[in-house]
Structures are given as structure tokens and as C-alpha cells.
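Quick notes on the structure that follows.
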Amino acid sequence: MSWFLNIVYFAVLVAASPLLCWRIIVHGKYRTGWREKLLGRVPRRAGDGPCLWFHAVSVGEVLQLEPVLKELRTRLPAAEFVISTTTPTGRSVAEAKFSGARVCYFPLDFSWAVREAVSRIRPSAIVLVELELWPNFILYARRRGIPVSLINGRLSERSLRGYRRLRPLVAHLLQGLHAIAVQNSTYAERFAELGAPRELPCVTGSIKFDRVMIDRRNPKTAELRTAFGIAPSDRVFIAGSTQETEESAAIDAYLALRDRFPVLRLIVVPRHKERFDEVAQLVETRGLPLYRRTDSLCGRRQADSSRPILLLDTLGELAACWGLADVAFVGGSLTNRGGQNMIEPAGYGAALLFGPNTQNFRDVVELLLSEGAARVVQNGEELTAAVGDCLAHPERAREQGARAQRLVLAQQGATLRTVDILAALPGLSPAATQSTAA
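Just so you know, the sequence shown maps onto residues 47 to 484 in the numbering used here.
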């Protein structure tokens, strides 16, 4: 099967090569990590102790690991940790968040890349975050006797339809997993439908809820408040994790409302770092003053007389930035992206808004809407109206935010349930790690 898959992957890579070259040249994507991805030449692990290899595709999955690794380091002090990602932004965030852990790119699912990466890392166990079923990788780990587990698993209706077409292969992969920890009972049923043994999927809840900050006075949020020059009397509208067209909608809303609400401030946070300069140019071409987070890091101050649009153009700070929001619009939801993480602004009790396209977070959205803890806006005009309504009726907006915060608190606890599963993996028990350390 490995060589058949290699041929299929190679054909796909060749077919996609014009698009890949275009993105490399025009957008600067995919320029790094080819040695690790294509050949599996990840950094070689020197130690012989227990090692847990986590694979987290991008930034969202990487951030979910933060509370898990913090707890595991307490329980398994002798264990080593490796974090692999697929995207450059995910790798950057992993390197910043997990000092002491090895960070690398995940190998493409060619048999030779998988074999080389596994031989260099020599993991005691492998943990996939959310859903990454690469056949060559999973089957090779199984042949080597390395347990592979899935945590914080989720399976959307769309993914389920796609995997049904490959059900025999998917069932074979799922039946070889050591543990499957999923976010809710709906996902557990979907994994069972694809062939996972019914006793294997375990509902632990979503780790996303556990890493959510709820205290707006935390040091990182306070630092951003000072950096952006936001006064206690200001009302802050944040458009976060935005994609193209959503920044324009947020700016239009700000312009329509700023005369009526002079205390209004707008912070824009594009989803991808490649678009930071593009969004800055968008603001400036409309003749509006702009102040970037990187300006503050370089010591440049805002003009005293201006109230500029604020651009968060750094990685890993959005979670803290949401703590400044009175009104929060979560992007990727007025486009076909499928939405972005709306749990973080909910945790701070912001008045939460998002568009209709939120299928990536369907379960979270259903919870929020069922409790009256969020509002859906269909387009830019409705976004303007909703922000204006929140500003005109602050008590009502605060109550909506309080409902969102209460919902987040009620969902927490998934990290400890997940760590209980991981700490019991073969070769990673406290007794095993202590004997290795000795």
C-alpha cells in the first residue's frame, strides 16, 4: 500500500506544482522546511528517554497544546516532547510557546519521509490533534509498535462525507489507534460510523475551552492596552482572524459609527501574517491614520491628536487582545472559510458577532446561539447595525457577553481528562519515566 500511496501523492504534487510555484513566488508561501517535509530530515533526538510526539497542523491546534503540555510536564517530568506542524505560522508559534520542546515540520506522507522522521525522533507515542489521518504515517508507526492517539478530535459533517468515500481505508486506520478522545458525543458517533471500535472514542470535551483566559486584567492584555493607547473610557471593536473583504466591512462599520460614538476604537487582526502589510495599505489608501502593534515594539508612538485604526500585526497575541474587546467580530465567517475560534472572545465576555459561515465550529456556535450568547450577521451592513446596537445599548451587550463567559466556564475540564489518557500510554507512565530518568 505504501508505494501505491507514494504514486498517488506524487501525482497530486505534480498536478499542484503550478499553484505551489505561484504561491511561492507571489505570496512567499511554502519556501521553508522542504528538507523536513519531503525527506523527513527533522532534527535528530539525542536522548533515550520517553518521548511524546504531538502533531498540530497550524496555530489553532498548536495553542490547544499549551495547557496539555503544561500538565504533562508536571506528571511526566522525565519525558521529552516534540511538536510538529504543517504551516510556518504554526511552527513560529510552537517555537515561541514551548521552550524546551523540539519543533519541526511534519513529514509529507511519502513512505521514505515518514520512515526517516520517525527514526530520527524515536517517539514512545504519537498524538494527533483534532484529525490528521495520514495512512503511511499511521501504518508505519503501527508496524514499529508506536501507539498513535487522537486528542480533541472533531469530525465535521463535511469531513464525514469525504471520509465515507474512503471508509475501508479510514476504518483500518481508526481501528489501529490506541485512543480517540473527542470533543462531544456527536463526533464520537461519527468516528464510530467510519469504523472506529464503538468503545474507543471517549468524550473528553474541547481543550479549546480550557486554555481560554477570562481575566481582562491579565498582564498580556494590559500590555496591549498600553501599547495601543486605549483609555478606560474607550469602547473597543475588534475584528479578529479576518480574511479579505472582512477588514473592509469592519472599517466601513467603524466609519459609519465613529461620529455617533466618539469613544469607539477599532482593532483589526488579519488571520494570516502574509496579509498584515496588505491590510495596512487598505487602511492608508482610505486616508485613515494607522498604528501597528509592531510600531509600539519599535518605540514609535501614536500622534497625540489622532485616534488611528489599530492593526495587530504580530503572531500569538490575538488571544490576549480579545480581552480589550467590548464588541468582537470573529472573521472567516463572512467568507467561505468556515469561521475561526470564537471561544476566546466569549471567555472574556465580549459581545460576540460572527457571520453565517461557521461550519468549522458548528457545535460551539450551536451552544452560543442556544444561550443567546452571540449574534449572526449576514453581511457588512448587518455588522454595522449590530456593532451600533451594542454601543447604543451597553447593558444589553454586557449581558450577552456574560452569558458567553458563563457558557465557557461550564465547558471547562477537557485538559485534565485528556492528560489522564495520555499519561497512561504505554511507556509514558510516571513509573516508566522515573525509571528511565534514574
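Where a beta carbon is used, it is the ideal one built from N, C-alpha and C, also for glycine.
These numbers come from a predicted model, not from an experiment.
Within 7 Å: the Cβ of leucine 215 and any heavy atom of the ligand FAD?
-> No copy of the ligand FAD occurs in the structure displayed, which carries no ligand at all.
For alanine 483, name the three-state secondary structure that DSSP assigns.
-> With a pLDDT of only 39 at alanine 483, under the threshold of 50, the placement of this residue in the model should not be trusted, and no figure is reported.
So does the segment 118–132 actually touch the segment 88–99, counting three or more Cβ pairs closer than 8 Å?
-> yes
Would a check of beta-carbon distances place aspartate 261 closer than 8 Å to chain C?
-> Judged by its chain identifiers, the structure shown contains no chain C, having just a single protein chain.
Residue from Arg281, Val175, Ala217 whose Cα sits closest to the Cα of leucine 111 | Val175
With distances taken Cα to Cα, identify the nearest neighbour of asparagine 406 among Met388, Pro169, Phe183.
-> Met388
Within this structure, are the beta carbons of threonine 78 and serine 104 separated by less than 8 Å?
-> no
Tryptophan 49, buried or exposed, once every other Cβ within 10 Å from all chains shown has been counted against 16 = exposed
Nearest-angstrom Cα separation, counted from alanine 227 out to leucine 51 = Whole-angstrom Cα-Cα distance: 27 Å.
C-beta contact flag for leucine 336 and isoleucine 355 at 8 Å = For leucine 336 and isoleucine 355, yes; Cβs fall inside 8 Å.
Inter-residue spacing [alpha-carbon to alpha-carbon] between arginine 262 and alanine 470 | Using only the alpha carbons, I get a separation of about 36 Å.
In three-state DSSP terms, what is threonine 381?
-> coil
Just the C-alpha distance for valine 423 and glycine 241, rounded to the nearest angstrom, thanks.
-> 38 Å
Taking the continuous beta strand (DSSP E) assigned at leucine 336, which residues delimit it?
-> 336–338
Alanine 536 to leucine 398, Cα distance in whole Å?
-> It is not possible to answer for residue 536, since the shown part of the chain is limited to 47 through 484.
Exposed unless 16 or more other CB atoms sit within 10 angstroms - verdict on aspartate 305 | exposed
Report all residues from its chain with a CB closer than 7 Å to the CB of glutamate 292; omit the five preceding and five following residues, and keep chain order.
-> Ala285, Gly377, Leu380, Thr381
From which residue to which residue does the alpha helix (DSSP H) around leucine 270 run?
-> 265–274
Reference serine 130; option with closest CA among Val114, Trp158, Ile167, Arg161 = Ile167
Determine the DSSP secondary structure at isoleucine 260, reduced to helix, strand or coil.
-> coil
In chain order, what residues of the same chain have a beta carbon less than 8 Å from the beta carbon of leucine 415, not counting five sequence neighbours either side?
-> Val422
Pair within 8 Å by beta-carbon distance, methionine 259 and tyrosine 55 = no
Between the Cα of arginine 332 and the Cα atoms of Leu109, Asp372, Ile297, Phe152, which residue gives the shortest distance?
-> Ile297
For leucine 215, three-class secondary structure by DSSP | Here leucine 215 sits in helix by DSSP.
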